[in-house]
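This report concerns only the one structure given below.
In the UniProt record's numbering, the protein residues as written are 1 to 148.
Take a look at the structure:
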């Protein structure tokens with residue numbers, strides 16, 4: 001949310017693109033993730049930010065909407081090394097540049113894995129995710145437990 005809100009100060013138009021990562025098993029569907037982001041943005045007064053999901057390459061989406069820049073937030077946990085390779089490929093594929101924004105130091109330790117682990121063990125994730133996500137996360141984890 002921090003990166004999205006900061007981007008809205010720099011760009012006339014901001015698109016948040018939810019994409020699948022083959023290396024991860026998400027707790028929520030793409031549709032649910034779009035809904036969560038949309039609710040959080042609406043709650044914070046960012047109704048003009050577009051939120052979409054794509055099954056394809058982010059660069060294909062950028063070409064489709066005429067975007068020339070991808071913005072990525074970086075934490076201090078090796079994000080740069082992973083994101084740099086993708087940035088170079090994105091530039092090669094579609095001449096789309098990548099800008100890196102450092103994470104807010106107050107939140108740079110937060111990751112989806114940590115949030116899920118804390119929530120699975122009954123910890124309070126308030127402040128780690130938007131308020132509108134806390135109950136959705138708990139419902140998803142309860143469903144996950146009951147299906148096991």
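Beta carbons: idealized from backbone N, C-alpha and C, even for Gly.
Because the structure is a prediction, the values reported are computed rather than measured.
Taking the alpha carbon of residue i as the reference point, which residue from the options has its own alpha carbon closest?
{"i": "residue 117", "options": "13, 97, 140", "result": "140"}
{"i": "residue 29", "options": "147, 146, 136, 145", "result": "136"}
{"i": "residue 23", "options": "145, 113, 131", "result": "113"}
{"i": "residue 104", "options": "42, 76, 50", "result": "76"}
{"i": "residue 108", "options": "123, 127, 92", "result": "127"}
What is the C-beta distance between residue i and residue j, in whole angstroms, given that I count them as a contact (C-beta under 8 Å)?
{"i": "residue 17", "j": "residue 58", "result": "6 Å"}
{"i": "residue 101", "j": "residue 3", "result": "5 Å"}
{"i": "residue 115", "j": "residue 129", "result": "6 Å"}
{"i": "residue 5", "j": "residue 46", "result": "6 Å"}
Less than 8 Å between C-beta atoms, sequence neighbours within five positions excluded: which residues of the same chain meet that for residue i?
{"i": "residue 52", "result": "15, 16, 17, 18, 34, 61"}
{"i": "residue 119", "result": "125, 137, 138, 141"}
By DSSP's criteria, residue i is part of a beta bridge. Which residues make up the other side?
{"i": "residue 114", "result": "Answer is none; residue 114 lacks a bridge partner."}
{"i": "residue 70", "result": "98"}
{"i": "residue 134", "result": "BP columns for residue 134 are empty, so no partner."}
{"i": "residue 15", "result": "50"}
{"i": "residue 65", "result": "Its beta-bridge partners do not exist; DSSP assigns none."}
Return the chain-ordered list of same chain residues with a C-beta closer than 6 Å to the C-beta of residue i, the five sequence neighbours on each side being excluded.
{"i": "residue 133", "result": "36"}
Return no unless some Cβ of chain B is closer than 8 Å to the Cβ of residue i.
{"i": "residue 4", "result": "No chain B is present in this structure, which holds just one protein chain."}
field: the segment 88–104 / the segment 62–76 touching (three or more Cβ pairs under 8 Å)
entry: yes
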